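This report refers to the structure that appears directly beneath it.
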Amino acid sequence: MTSVTGAALSASLGASVLAASAGAVLPRRIRPVAAGIGTAAAGAAAVVAGVAAMTGRSWSAWLPELLPLAGVRLAVDPLGGLFIAVTGAVAVCAAVYGVGYARPADGHGGHGLDGRTVQAVLPLFVAAMLLVPAAASVSTFLVAWELMALASLLLVVAEHRHRESVGQAGLWYAVMTHLGLVAILAALAGLAAAAHGESFDRMRAAAEGMSPAVRGAVFVAAFAGFASKAGIVPLHVWLPRAHPEAPSHVSALMSAAMVNLGVYGIVRVGFDLLGGGPRWWWLLVLAAGAVSALYGILQAAVATDLKRLLAYSTCENMGLVLVGLGAGGLLVTADARPLAALALTAALLHVVNHSAFKTLLFLAAGSVLRATGLRDLDALGGLRTRMPVTTAMFAVGALAASALPLGNGFVSEWLLLQSLIGSLGEGGTITAVTMPVAVGALALSAGLAVATFVKAFGTGFLARPRTPQAEAAAESPAAMGVGMGAAAACCVALALVPAFTVPGLARAVQVVLPGQDAVAGQVTLRLAAASSTMSPLLIAVGVAVAAAALLALLRFATTWRVRRRARLWDCGMGPMTARMEYTATSFAEPLQRVFDDVLAPETDVNVTPLAESAYLVDSVSYRARVGDRIESRLYRPLIAAATAVGEAARRLADGSVHRYLAYGFFTFTGVLIVLAVTR
Amino acid sequence: MSDVTYVRLLDLACGVFLLAAVLVLWRRDLAAIVRLFALQGAALAALVTVLGVHEGLDGDGAELVALAVGIAVLRAVVLPRLLRRAVADGGEARETEPLVNVAASLVVAAGLALLSYAVTRPVVALEPSPAVHAVPVALTVVLIGFFVLVSRRRALSQVVGFLLVDNGITAVAFLTTSGVPLIVELGVSLDVLLAVLVLQVLTARMRAAFGGTDLDDLRELRD
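In structure tokens form, the structure reads like this:
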């Protein structure tokens, strides 16, 4: 069967393979351009495939000879199409950007990113991410999933020769992603065994008749695996390490496309294959989402590393998506299906929005990193005049990420809020208790997000440069600007006319909740279930008109008075220096103080007295660091225990050849004795 | 050859085959161990010859007899000669301190024989022919060879232990099937020959480097 979806998806996969081979064989001079164009073409074709699937042109294929034993089974429905389209769009932006990013800059950047490995693996990574939502059997899904994990791991460690911390990040990522794979493998293998078949159709049909214990175990294992990919607390530890250390266009792909697939997995397994479940599943999802949203944004608010801040913001946004999924599942159990559809629509729309603004933000952060070699906000500043395009792009992204009106993040968070508020009266005590808490978490995280992105933009881009590197920054090449511009255009479109996504989202939601149309409208979004409306375009026009009027008024008012030029008043202290500016740390200090119990920052004050007298101070050093508390409290003891077991096991191998032979001999005779006794 | 003679000759060959392996545990003199190994090679060749003659010299049996000649050349002449040269080159003529003493080794050998009789019952029950009845003997030789590897210190004893394991496996192959294809037997023999040559070189190197071939002196070589 040929259809637009199938043809476009095949074209996309073919283009990625071509791009990968171009990256592997072409000479260094033209390699980034060829691979970048190929990857961008693959992304564009994937957008076509995804959009075609979302307009109802589903597609499936069965290629029995491609994989031994199991064969490859592909199917694209509107739900998978949504994720394919998002991944494709992110890939287009990242690929175009990557052409400029891989070119060595004067002094900084480059870092051998035009090498064969990176250029060949990046298109494969994109192809794997496109295959995951298209897989329709357990084996195909797992192969694509593992290909995605390995390709991303190779890309994360691309710059390992330049920074020590890359290796550490790669190790964390490798371990976490494989533990996640084990959980997913166990869940899907268990489900396939219980369903006596590994195609998704078979499992969907058999899921009804399974025992609640099997279904529960499958869901919990799958949720743990997918949540670790989505960066949900407490399985998020790899994310704030791996995303900052990866090359920036890879960070964008990982943070805006790969983590989405964790959400896809939860929706696919929880809602679609298992067909929904009891209330406790969704309470678990909701709680994990709420905790993740709060913890993620709190860590982002106190982070000073720009890319680490963005990575924690990913934890937050995935948490919000999970709040939506959890609320949706909970409302299905309460039989409030229209509201459930609204919550799911909000969650999926937030996935789309988050991908748009996170791509933009990571690309802009990469532009800063390439120009200055810095990620530390405390050392940046003053980029507004030196890198105007990047600054404008980051501003658009920051506005979107802080969930204020005019940004696209606002639209989906508003929808989510509406569904949570609307469900207060549904489903008895549990929802009556949970939903207000969820609303509170949502509101708090939105507020902290504003502070976070004001901090990131204000200290990073405004004011004066704090270091010579920031002072010497220059605007990035045009290709990077085009990549960021495309992402920014997506953000603006999603912010002003989000209604164009509504039909596609509705079809995606109908895959799991048939017959529900939660949101309608062209310019104004009308929510059937919550009986409320919003028109982002009208808000934007209103804000624009009001701003123009205010500016005109100010201009008019100032013409009355005589202007006098003078130096900025500095309390008579002499000229103000960049050291006097607010830094990211000082900006976040009040927040750090308020959330002291959660963050447990480590501060270290060392007072060195003069040799002659203990009362005269020679120097004071102050060091403050906010670590990840979950990492130090939960993971460090586990790692210590595993290391202890490993050290103990080393004693088994003391170097004596006889001992090694004896292990073999005793095992062999032991097995024979067991055989002789039992047979 | 009548059936009675066949069974008696088979049993005799198997008996010598097993006894040689047990005596390897008993003797400490390395030269004697090599002689015992040559004896075992001859017994294995005799075993294969008996099987071949029983099959009939005009059919598959002829190939078996040809194989027996090859086995005799390799395992009763070539390998023992290589080993003897290694003994002559080195100063160590005796297995001075085995990890398990001789008396205990013999008891262990008896235990291993019991174990292999117990384990191979299902195999024998499949086809209770005289040849298959002798499979436990061959398995015992494999286990004894393994035990020699574990309990003896000198590199030469180790080589002999390894060759005992291989002899045992070859015997199992001939006893359970009606003859191993020539190409397989050739391949295995070549492998064994190469392994012994390599081990001989290694032994000479060890002696040059450490002045002895006690394997436990190599402890420090681990990571």
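Just so you know, the sequences run in chain order A and B.
Residues -15 to 663 in the numbering used here are what the first sequence lists, from first letter to last.
Residues 5 to 227 in the numbering used here are what the second sequence lists, from first letter to last.
C-beta atoms are modelled at their ideal positions from N, C-alpha and C, and glycine is treated no differently.
Because the structure is a prediction, the values reported are computed rather than measured.
*Please decide whether V123 (chain B) counts as near chain A, where near means a Cβ-Cβ distance under 7 Å.*
The sequence position of residue 123 (chain B) within the second sequence is 119, counting from 1. For V123 (chain B), the answer is yes, since a Cβ of chain A falls inside 7 Å of its Cβ.
*Starting from A660 (chain A), find everything on chain B with Cβ-Cβ shorter than 7 Å and list it in chain order.*
To locate residue 660 (chain A), count along the first sequence from 1; it is residue 676. The contacting residues are L119, A122, V123.
_With 16 other Cβ atoms within 10 Å as the buried cut-off, status of P449 (chain A)_ = The residue you call residue 449 (chain A) lines up with position 465 of the first sequence. The residue in question, P449 (chain A), is buried, as its Cβ has 16 or more Cβ neighbours within 10 Å.
*Output the boundary residues of the beta strand (DSSP E) element that contains V481 (chain A).*
Here residue 481 (chain A) is taken as the residue at index 497 of the first sequence, counted from 1. Where V481 (chain A) is concerned, there is no enclosing beta strand (DSSP E), given that its DSSP letter is neither H nor E.
*is_contact[L645 (chain A), chain B] using C-beta, thresh 7 Å*: In the first sequence, counting from the first residue as 1, residue 645 (chain A) sits at position 661. Judged by the 7 Å Cβ criterion, L645 (chain A) is in contact with chain B.
*Going by DSSP, what residues sit across from W46 (chain A) in a beta bridge?*
If you number the first sequence from 1, residue 46 (chain A) lands on position 62. Residue pairing by DSSP places W46 (chain A) opposite A:R57 in a beta bridge.
_E229 (chain A) (DSSP reduced to helix, strand or coil)_ = Residue numbering aside, residue 229 (chain A) sits at position 245 when the first sequence is read from its first letter. Here E229 (chain A) carries a helix assignment [DSSP, helix/strand/coil].
_Contiguous alpha helix (DSSP H) assignments of at least 4 residues, all confined to the stretch 217 to 305 of chain A_ = Segments of the alpha helix (DSSP H) lying fully in the stretch 217 to 305 of chain A: 223 to 229, 232 to 237, 243 to 250, 263 to 286.
_For the pair the stretch 458 to 469 of chain A and the stretch 292 to 305 of chain A, tell me if three or more CB-CB distances fall below 8 Å._
no
*Answer yes or no: does any C-beta atom of chain A fall closer than 7 Å to that of F4 (chain B)?*
Lying before the first or after the last residue shown, residue 4 (chain B) is absent from chain B, which here runs from 5 to 227.
*Name the residue from B:N171, B:A208, B:G215 whose alpha carbon lies nearest to the alpha carbon of D195 (chain B).*
The residue given as residue 195 (chain B) occupies position 191 in the second sequence. Closest option to D195 (chain B), Cα to Cα, is B:N171.
*asked:* For M132 (chain A) and A112 (chain A), which I take to be in contact (beta-carbon distance under 8 Å), what is that distance rounded to the nearest angstrom?
replied: Within the first sequence, the letter at position 148 stands for residue 132 (chain A). Within the first sequence, the letter at position 128 stands for residue 112 (chain A). Confirmed, Cβ separation roughly 4 Å.
*Quick one: grab the DSSP three-state call for E99 (chain B).*
By one-based count along the second sequence, residue 99 (chain B) stands at place 95. If DSSP states are grouped into helix, strand and coil, E99 (chain B) belongs with coil.
*asked:* Between the stretch 542 to 557 of chain A and the stretch 590 to 606 of chain A, can you find at least three pairs of beta-carbon atoms closer than 8 Å?
replied: Output reads no: the stretch 542 to 557 of chain A does not touch the stretch 590 to 606 of chain A.
*Please confirm whether A73 (chain A) and V31 (chain A) have their CB atoms less than 7 Å apart.*
Position 89 of the first sequence, counting from 1, holds the residue named residue 73 (chain A). Position 47 of the first sequence, counting from 1, holds the residue named residue 31 (chain A). Cβ atoms of A73 (chain A) and V31 (chain A): closer than 7 Å.
*For the stretch 621 to 648 of chain A, which residues have a CB atom closer than 8 Å to at least one CB atom of chain B, in sequence order?*
A637, D638, G639, S640, V641, H642, L645, A646, G648
*Three-state secondary structure (DSSP) at D709 (chain A)?*
Because chain A is modelled from -15 through 663, residue 709 (chain A) falls outside the range shown and cannot be assessed.
*Using the rule of at least 16 other Cβ atoms within 10 Å of the residue's Cβ for burial, across every protein chain shown, is Y599 (chain A) buried or exposed?*
Taking the first sequence and counting its residues from 1, the one referred to as residue 599 (chain A) is at position 615. Exposed, by the Cβ-count rule.
*Please check if any C-beta of chain A sits within less than 7 Å of the C-beta of V169 (chain B).*
As a working note, residue 169 (chain B) is residue 165 in the second sequence. No, its Cβ sits nowhere closer than 7 Å to a Cβ of chain A.
*Interface residues of chain A around P126 (chain B) at Cβ under 7 Å?*
Locating residue 126 (chain B) in the second sequence gives position 122, where the first residue counts as 1. By Cβ distance, chain A contributes R663.
*With a cut-off of 8 Å, do at least 3 Cβ pairs link the stretch 364 to 384 of chain A to the stretch 433 to 452 of chain A?*
yes
*asked:* Counting only beta-carbon separations shorter than 7 Å, does V176 (chain B) have a partner in chain A?
replied: In the second sequence, residue 176 (chain B) corresponds to position 172, counting from 1. Chain A contact via Cβ: absent.
*On a CA-only basis, which of A:P11, A:D256, A:V60, A:P452 is nearest R370 (chain A)? Give me that one, please.*
Along the first sequence, one-based indexing puts residue 370 (chain A) at 386. Among A:P11, A:D256, A:V60, A:P452, the Cα nearest to that of R370 (chain A) is on A:P452.
*Within the chosen definition, does the stretch 149 to 168 of chain A reach the stretch 102 to 120 of chain A through at least 3 CB pairs nearer than 8 Å?*
Contact annotation: the stretch 149 to 168 of chain A does not touch the stretch 102 to 120 of chain A, with fewer than three C-beta pairs closer than 8 Å.
*Can you name the start and end residues of the alpha helix (DSSP H) that E529 (chain A) belongs to?*
Position 545 of the first sequence, counted from the start, is the residue given in the question as residue 529 (chain A). First, the residue type needs correcting, since residue 529 (chain A) is Val and not Glu in the sequence shown. Going by DSSP, V529 (chain A) is part of the alpha helix (DSSP H) stretching over 520 to 542.
_Option nearest F571 (chain A) by Cα separation, candidates A:G409, A:I168, A:F437_ = As a position in the first sequence, residue 571 (chain A) is number 587, starting the count at 1. Residue A:F437 holds the alpha-carbon nearest to the alpha-carbon of F571 (chain A) among A:G409, A:I168, A:F437.
*Okay, do the stretch 49 to 69 of chain B and the stretch 10 to 25 of chain B touch, 3+ Cβ pairs below 8 Å being the bar?*
Touching, yes, given that three or more Cβ pairs across the two stretches are closer than 8 Å.
*Chain-order list of residues whose beta-carbon lies under 7 Å from that of L138 (chain A) (same chain, five-residue window excluded)*: Counted from its first residue, the first sequence places residue 138 (chain A) at position 154. Only T101, V105 meet the Cβ criterion.
*What are the boundary residues of the alpha helix (DSSP H) that includes V202 (chain A)?*
As a working note, residue 202 (chain A) is residue 218 in the first sequence. Looking at the DSSP string, the run of the alpha helix (DSSP H) that includes V202 (chain A) is 196 to 214.
_Does chain B have any CB closer than 7 Å to the CB of L656 (chain A)?_
Locating residue 656 (chain A) in the first sequence gives position 672, where the first residue counts as 1. Yes, contact with chain B.
*Where D98 (chain A) sits in the DSSP three-state scheme*: Taking the first sequence and counting its residues from 1, one reaches residue 98 (chain A) at position 114. Correct three-state label for D98 (chain A): coil.
*Looking only at DSSP bridge pairs, what is D360 (chain A) linked to?*
For the purposes of this step, residue 360 (chain A) is taken as residue 376 along the first sequence, with counting starting at 1. The partner list for D360 (chain A) (beta bridge, DSSP) reads A:D289.
*asked:* Nearer than 6 Å: is that true of the beta carbon of G558 (chain A) relative to any heavy atom of the ligand GTP?
replied: Here there are no bound small molecules, and the ligand GTP is not part of this structure.
*According to DSSP, is P322 (chain A) helix, strand or coil?*
The residue given as residue 322 (chain A) occupies position 338 in the first sequence. Here P322 (chain A) sits in helix by DSSP.
*Give me whichever residues DSSP pairs with T181 (chain B) in a beta bridge.*
In the second sequence, the residue the question calls residue 181 (chain B) occupies position 177. Answer is none; T181 (chain B) lacks a bridge partner.
*Candidates B:R156, B:A36, B:G191, B:H58: closest to T2 (chain B) by CA position*: Absent from the model: residue 2 (chain B). The displayed extent of chain B is 5 to 227, so no value can be given.
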